[in-house]
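Per numbering that gives the first Met the number 0, the very first residue in the sequence shown carries number 0; after that it's consecutive.
Don't be surprised by glycine CBs; every beta carbon is placed ideally from N, CA and C.
All figures in this text were calculated on a predicted structure; none of them were measured in a lab.
Down below is the structure, laid out as structure tokens.
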Amino acid sequence: MSDLATHRGRRRRRGIAAAALLVPLALAGCGGEQNALDAHSHPAADIANLFWVMTGVAFGGLGLVTGLLVLAWVRRDKRGFGADPDDPHPGERAGWWMVLGMGVVFPLTVIVALFIVSDGLIINVTQAPAASKTAMTVDVTGHQWYWAFSYPGTKAVTADELHIPVGTPIDLVVRTADVIHSFWVPELNRKIDTIPGHPNRILLYANRAGLYRGQCAEYCGLQHAHMSMLVIAQPKAQFEAWLRGQSKPAPPPSSSLARAGERVFVNGPCSSCHTIRGTSASGYVGPDLTHLASRKTLGALTIRNTPANLAHWIVGSQQIKPGNEMPDLNLNPAQLRAVVAYLEGLK
Ligand code: CUA
Numbered sequence: 000m001s002d003l004a005t006h007r008g009r010r011r012r013r014g015i016a017a018a019a020l021l022v023p024l025a026l027a028g029c030g031g032e033q034n035a036l037d038a039h040s041h042p043a044a045d046i047a048n049l050f051w052v053m054t055g056v057a058f059g060g061l062g063l064v065t066g067l068l069v070l071a072w073v074r075r076d077k078r079g080f081g082a083d084p085d086d087p088h089p090g091e092r093a094g095w096w097m098v099l100g101m102g103v104v105f106p107l108t109v110i111v112a113l114f115i116v117s118d119g120l121i122i123n124v125t126q127a128p129a130a131s132k133t134a135m136t137v138d139v140t141g142h143q144w145y146w147a148f149s150y151p152g153t154k155a156v157t158a159d160e161l162h163i164p165v166g167t168p169i170d171l172v173v174r175t176a177d178v179i180h181s182f183w184v185p186e187l188n189r190k191i192d193t194i195p196g197h198p199n200r201i202l203l204y205a206n207r208a209g210l211y212r213g214q215c216a217e218y219c220g221l222q223h224a225h226m227s228m229l230v231i232a233q234p235k236a237q238f239e240a241w242l243r244g245q246s247k248p249a250p251p252p253s254s255s256l257a258r259a260g261e262r263v264f265v266n267g268p269c270s271s272c273h274t275i276r277g278t279s280a281s282g283y284v285g286p287d288l289t290h291l292a293s294r295k296t297l298g299a300l301t302i303r304n305t306p307a308n309l310a311h312w313i314v315g316s317q318q319i320k321p322g323n324e325m326p327d328l329n330l331n332p333a334q335l336r337a338v339v340a341y342l343e344g345l346k
């Protein structure tokens, strides 16, 4: 082989090795605001610790088996430990004990211990606490494909973005309007399924103010992947101000363009699917839009909530999120401008 070919081969092998090393780095990029190992509550920390214990035990097992295989290969021509030189089947007795010890007793002990830790301890600590031990309740309803959040005792209803006070245990009651979804914010707690006709509960607690991304974790149809949610944990005073604002009806439109938009919205088909409190729009198929402009995203975190994206969503939501319930309403450009101006004012 020429020097050049050897050089190329070496470079290729180095390239493959570098690519292999980059895989964990690329996977690490999956973290961000949705990282099950970056725990911000007691239950999430217990789940993360369980993951590390399970991983440690699995790698310990792998190391042990690999070590024994290597040892067997290294000693392939030697007689068994303490074998009788006259024994016609040397090592058979030691092998029998090895199979019983390492093949039956050891794995059984490890698996039973892991079962007790995971099913006995972790399931218990991540179980929803009694409602009397939490400071407030939030109702969650999964829809194909968005999340509705309401705050009992107030009129506030939001979609996809759940505000909570930091350091406060919250009783989250999850329901579904259609199929089974699963509410999962990995940094805060385990998953909880939304079962038709059966409300489920889970503790929601954040020990630090910030954003926590979550994702529907049960396949629920075409746009399952675009059914995310954002938990926004805020200092208590900030949260209470937010809740007071969200409890109010929508502010009246402040310009003639926005007033025209309100008329298009309320008198047209939009109002048969969406509610805007303070107007006659009281549909319940799609998200409540009373304070739409205060949200960061549209379509369950599919796109950012900007005027251009909102306009694109109104006329082309089927391109952005195919299969969702919102039809193309065939608004003319003037109507579209007016509706966007109106909705942008719903802070
Ligand atoms: Cu909702 Cu998957």
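Just to confirm, is the Cβ distance from residue i to residue j under 9 Å?
i	j	result
M228	R212	yes
T125	D45	yes
L345	P286	no
A232	R207	yes
Q245	T289	yes
P248	G267	no
Q317	N308	no
A257	E343	yes
I163	V104	no
S40	A155	no
Y150	L291	no
P106	G55	no
L347	V137	This structure cannot settle anything about residue 347, because the visible part of the chain is limited to 0 through 346.
L49	V116	yes
Please work out which residues of its chain come closer than 6 Å, Cβ to Cβ, to residue i, disregarding the five sequence neighbours upstream and downstream, and give them in chain order.
i	result
G28	Residue placement at G28 cannot be trusted, given a pLDDT of 47 that sits under 50; the coordinates are not used to answer.
P198	V172, R174
T140	A147, R174, A176
A134	T167, P168
E261	P252, Y341
K77	none
P306	V339, E343
Mapping DSSP to helix, strand and coil, what is residue i?
i	result
E217	coil
D170	strand
I179	coil
Q233	strand
T54	helix
L297	strand
V104	helix
E324	coil
P306	helix
G209	strand
D37	coil
S254	coil
V184	coil
D45	helix
V284	coil
N199	strand
H162	strand
A155	coil
F193	Note that residue 193 corresponds to Thr in the displayed sequence, not to Phe. Of the three classes helix, strand and coil, the one that applies to T193 here is strand, per DSSP.
W95	helix
L342	helix
T278	strand
W144	coil
Comparing C-alpha positions only, which one of the options sits nearest to residue i?
i	options	result
M53	E239, L330, D118	D118
T157	P326, G298, Q334	G298
P42	G196, L120, C272, E91	L120
G209	I194, G315, G166	G166
S180	L113, Q214, V314, P332	The identity of residue 180 in the sequence shown is His, whereas the question assumes Ser. Measuring from the Cα of H180, the nearest candidate turns out to be Q214.
A47	Y283, K77, E186	E186
C219	V265, V178, F114, G102	V178
W183	N329, T153, L70, A216	A216
N329	K295, V284, R294, V263	V263
G66	L335, M101, L203	M101
D159	W144, P151, T153, L107	W144
F238	K295, L161, R189	L161
V350	M97, T153, I115, R294	Residue 350 is absent from the model: the chain starts at 0 and stops at 346.
P326	V111, G315, P332, Q334	G315
L57	D76, T305, L113	According to the sequence displayed, residue 57 carries Ala and not Leu. For the residues D76, T305, L113, the minimum Cα distance to A57 belongs to L113.
Apart from the five residues just before and just after residue i, which ones in its own chain have a Cβ nearer than 7 Å to its Cβ?
i	result
A259	A337
S254	A340
A236	none
N304	R294, K295, T296, L297
Between which residues of its own chain and residue i is the CB-CB distance below 8 Å, once the five residues before and five after are set aside?
i	result
E319	Inspection of the sequence shows that residue 319 is occupied by Ile rather than by Glu. Once the five neighbours on either side are set aside, the close Cβ partners of I319 are G298, T301, I302, H311, W312.
R200	A127, A130, D170, L171, V172, V173, I191
P321	L221, Q222
S270	F264, T278, S279, A280, S281, G282
L335	A310, I313, V314
Is there at least one non-hydrogen atom of the ligand COA closer than 8 Å to the beta-carbon of residue i?
i	result
Q33	Questions concerning the ligand COA fall outside what the structure shown contains, since the ligands it does hold are the ligand CUA.
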